[in-house]
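In the working numbering, the protein residues as written are -8 to 910. Cβ atoms here follow ideal geometry from the backbone N, Cα and C, with glycine treated the same way. This structure is a prediction, so every number in the text was calculated from the model and none was measured.
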RNA sequence: GGGCGAAUAGCGCAGUUGGUUCAGAGCGUCUGCCUUACAAGCAGAAGGUCGGGGGUUCGAAUCCCUCUUCGCCCACCA
């Protein structure tokens, strides 16, 4: 076959992917082999491929392909996630562009639009994965909202409800006012923010001039005086009219309409005078009590806390404790509600600005300080979260934490890198209930059905039944007293949908239908899955919860190993983002460097757990490597074979050596894979191919120009090539398939994908490898002399070995060929005018006649002498230390003695050489 | 505020049980080469008192303490 000098991925990759598909080579069915299962972390159904996916999916594909070549039944299950809140947002945005508001649509109409959008954009990302070379079993492609998965979700909800692990309740939740839904704690991202601390006056409800409760040492401050929060006596604020007031510090003055009390710490000496009093909420003029609770920090602000139970988590707790009313002053979109009484209809942040002005004008603002605090934002819509009292569905998590913590802590499930075990433990030991309901339509609708005729019952007390279907709901409802004859159309299903992660946590089970059809052949064969590859950012969202569901529903782990990837950043260390424009389109990269090149570029810099700084030049390196492989193949396939010739001595030596080297590296690669050191494994194969095979082995066996190669060397070389391709295949599937198919005629449907990766015996000859390193060093030294003296490559040289060397002796043919020598002589003294060098304790020399530069040679020898004397000194320091000789292990001392002998012998040779030159 | 992790060559990193093999490979840089597979290449070379300080030890990149800097996660001081 005629091969171009440059490898062209575009002509190769599509062809082989099609071949793999046509022959159904990714397909997996349970059989007698050991299973190797991976479930893909389902990307958002309407998403497109980004660099993070490239990293993640490449790692998975490498692991899957490797397992397949190890003879396991590899099954990689692909699929997508309905991504409830993100997708609903996209659909709403698209509808808005057409002038349609969500509120104008019925649920059914909206869902039709959502499904249209999903059908249109869904699966684009899966197609892109094919271009990357991912060997997923596409027949198994699943969607978190397809029928099988949806049924699983509903079934699990009902089951957990029946077990008492799901409850409905009025709780303070994280409210996203943009999407108008509750969120789980994990969906809130906290940002540092520069804001203000506002000090507000709450006048005491009493006549001007009152002194009730004041002690003799009280410090009376006028409005303008600063106060010290750490003082140990009363501080009383009094205005010009003699009216006393409390000062309350808050970051959110717009919530004063919801104030229902002011709280002080009973141990706070500053504020004891406020005990039992009532104060007037500024502007609102509501009279509220002073309550006391040790929750209040004495030294924060003034030690007075305004209590707004409806809009702050802690205030809510106080409200519960002291049985205070909660006034919800916000609408679901975070505008001020009727209940606020003031500023009704205004946005919360506009209201803050306005109320600050109004407080100032009314002389109710004591002062304003700069203040840094943390504000929670919605992960999806990026608007500030509003803590909101709302009726939601929750999962009791303590039970799940109890079953999910031990298997990770005792390494039944292994985390790579292990540092994430700590993160995992922290979360589980401080677990809080999981809010699973969302006020969204795109998702699995909560299977709770409310009984009729409850219009006058408060929401929280309405009766309902939970059931997988409406029919079962009716059955259940009829068991309730007074509803014996209820019908389906009288029941009202809960409007909410479930958190997306409530379906994701079942993924490793639901993909094999293990929920609907427990104990089926597939779930029994493929579960637990083998490796999960994902980012540490979803360790709580997903990894932990899958472990919980796994033990709850199958009594076993969902996966044996978790490989946490890093975050892909640009080469300056910045997160990749659309707004920065620093995120390359993976498909452009594939066009430019080939999928194999991009995969390699990604893996060259991706140690587990570390962030990876992605640089396009790494793809270039990947592409260059592909080209190298291609050209090696071109070289070998270009040789003509002489059927009668026997291998040359150099070739015979080369084969023995490479055989050993190949085995050694294969073992190293095995070891790296067993530890999930994938970059290291790739680097080992890269060095093997480029340095050992191309630069050394091929050069050693290469026939002279115009000559043929003997049959045995040729066949052996192709066998090595075949094996090297197998080692490379998991990393770069396309080029390896292309070349493997061209090594010899292959049967239809045959593929490198299934060639065993461990065909060569495990015996390696370490002595041979070590000796050959010495030989390489000799050759390099001769080459360096050539370069220094400007001796052309084609000019033959003579090598002298002073005193001979037993290690190097068997390799004379190789040295002669690689260094282009005419002769190798063992001499007792080197020739006049020879450039010399030392390898180990042996001196070598290359006679150069008049090319010899005596000065330069002397300098080189003297430098070496200085170095050798230095090492001898260090060794002697150790050996002269009685403690060292007495306490260090025998072997270590012996090693030092050998070093001493070597150094002494080397010094002697160097001195002799110098003397000879000077003589 | 609590926790976890990191700091090694110009860059991004490896270094497992303290000792031969420990101070490493890759990229980049420098020098010389279009040598009959590959310039997306070949040959050769230079680069680091392992963040600072202390300690343990015969011996420390490695173990301990401390400081500095950076990163990440968690947490209700309004």
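Roughly how many angstroms lie between the CA atoms of residue 643 and residue 701, to the nearest whole one? Straight across, the Cα-Cα distance linking residue 643 with residue 701 is about 11 Å.
Could you name the residues that DSSP lists as bridge partners for residue 185? According to DSSP, residue 185 bridges with 363.
According to DSSP, what are the bridge partners of residue 66? Per DSSP, 28.
Tell me, to the nearest whole angstrom, how far the beta carbon of residue 821 is from that of residue 791; I am working on the premise that it is less than 8 Å. Contact between residue 821 and residue 791 is confirmed by a C-beta separation of about 5 Å, below the 8 Å threshold.
Mind checking residue 291: buried by the 16 CB within 10 Å criterion, or exposed? Around the C-beta of residue 291, fewer than 16 other C-beta atoms lie within 10 Å, and the residue is accordingly described as exposed.
Could you spell out the range, first to last residue, of the alpha helix (DSSP H) harbouring residue 911? The question about residue 911 has no answer, for the chain in this structure spans -8 to 910.
In angstroms, rounded to a whole number, what distance separates the CA positions of residue 106 and residue 75? Distance between the alpha carbons of residue 106 and residue 75 is about 12 Å.
Residue 875 by DSSP, collapsed to three states: which one? Three-state result, residue 875: helix.
Taking its Cβ as the centre, do 16 or more other Cβ atoms sit within 10 Å of residue 41, making it buried, or is it exposed? Residue 41 should be labelled buried.
If you pair each beta-carbon of the region 345 to 353 with each one of the region 255 to 275, do three or more pairs fall below 8 Å? Counting Cβ pairs under 8 Å, three or more are found: they touch.
Could you check the C-alpha separation between residue 868 and residue 781 for me, to the nearest Å? For residue 868 and residue 781, the distance between alpha carbons rounds to 42 Å.
Nearest neighbour of residue 844, chosen from 776, 814, 829, 892 [CA to CA]: When only C-alpha atoms are compared, the closest one is 776.
Using 10 angstroms around the beta-carbon of residue 698, count the other beta-carbons present and answer buried if the total reaches 16, otherwise exposed. Residue 698 counts as exposed, since fewer than 16 other C-beta atoms from the protein chains shown sit within 10 angstroms of its C-beta.
Round the Cβ separation of residue 727 and residue 627 to the nearest angstrom and send it over; I've been treating them as touching at under 8 Å. Not quite, the Cβ-Cβ distance comes to about 15 Å (not below 8 Å), so this is no contact.
Can you tell which of 261, 314, 277, 280 has its C-alpha closest to the C-alpha of residue 288? Cα-wise, what sits closest to residue 288 is 261.
Can you tell me whether DSSP reads residue 149 as helix, strand or coil? Three-state result, residue 149: helix.
Taking all protein chains shown into account, decide if residue -8 is buried (16 or more other Cβ within 10 angstroms of its Cβ) or exposed. The predicted model places residue -8 with a pLDDT of 49, which falls under 50 and marks its position as unreliable; any figure quoted below should be read in that light. By the 10 Å Cβ count, residue -8 comes out exposed.
Residue 203 versus residue 182: straight-line alpha-carbon distance, rounded: Taking the CA atoms as reference points, residue 203 sits about 44 Å from residue 182.
Would you kindly work out how many angstroms separate the C-alpha atoms of residue 52 and residue 127, rounded to a whole number? Whole-angstrom Cα-Cα distance: 8 Å.
Cβ separation of residue 237 and residue 295, assumed to be a contact under 8 Å, to the nearest whole Å: The beta-carbon separation of residue 237 and residue 295, rounded to 5 Å, stays under the 8 Å limit for a contact.
Of all the options 641, 618, 386, which has the alpha carbon lying nearest to the alpha carbon of residue 175? Minimum Cα distance to residue 175 is reached at 386.
The region 544 to 555 contacting the region 570 to 585, beta-carbon criterion three pairs below 8 Å: Under the 8 Å Cβ criterion, the region 544 to 555 does not count as touching the region 570 to 585, having fewer than three qualifying pairs.
Alpha carbon to alpha carbon, how far is residue 369 from residue 277? Give it in angstroms, no decimals. Each residue's alpha carbon lies about 33 Å from the other.
Assuming residue 680 contacts residue 719 (C-beta within less than 8 Å), just tell me the rounded distance between them. The C-beta separation of residue 680 from residue 719 comes to about 7 Å, placing the pair in contact by the 8 Å criterion.
Am I right that residue 302 and residue 242 are in contact with their C-beta atoms under 8 Å? What's the rounded C-beta distance? 12 Å between Cβ atoms; not a contact.
With a threshold of 16 other CB atoms inside 10 Å of the CB of residue -3, please say whether the residue is buried or exposed. Under a 10 Å Cβ-count criterion, residue -3 is classified as exposed, with fewer than 16 other Cβ atoms of the shown protein chains found around its own Cβ.
Residue 558 and residue 510 - do their beta-carbons sit closer together than 8 Å? Taking 8 Å as the Cβ cut-off, residue 510 and residue 558 do not qualify as a contacting pair.
Counting Cβ pairs closer than 8 Å, one from the region 217 to 236 and one from the region 318 to 326, do we hit at least three? Touching, no, given that fewer than three Cβ pairs across the two stretches are closer than 8 Å.
From what residue to what residue does the beta strand (DSSP E) around residue 521 run? Per DSSP, the unbroken beta strand (DSSP E) holding residue 521 starts and ends at 520 to 525.
Sheet register partners of residue 700 (DSSP bridge): Note: residue 700 sits in a beta bridge opposite 632.
Residue of 268, 267, 297, 231 minimising C-alpha distance to residue 244: Selected option, being the one with the closest Cα: 297.
With respect to the alpha helix (DSSP H) encompassing residue 733, which residues constitute its N-terminal and C-terminal limits? Unbroken alpha helix (DSSP H) run through residue 733: 724 to 734.
Do you know whose CA, among 184, 196, 78, lies nearest residue 170's CA? The shortest C-alpha to C-alpha distance from residue 170 to any of 184, 196, 78 is the one to 78.
Got a sec, what are the start and stop residues for the beta strand (DSSP E) residue 479 sits in? Taken as a continuous stretch (DSSP letters only), residue 479 belongs to no beta strand (DSSP E), as it is neither H nor E.
Would you call residue 864 buried or exposed, if buried means 16 or more other Cβ atoms sit within 10 Å of its Cβ? So residue 864 counts as exposed.
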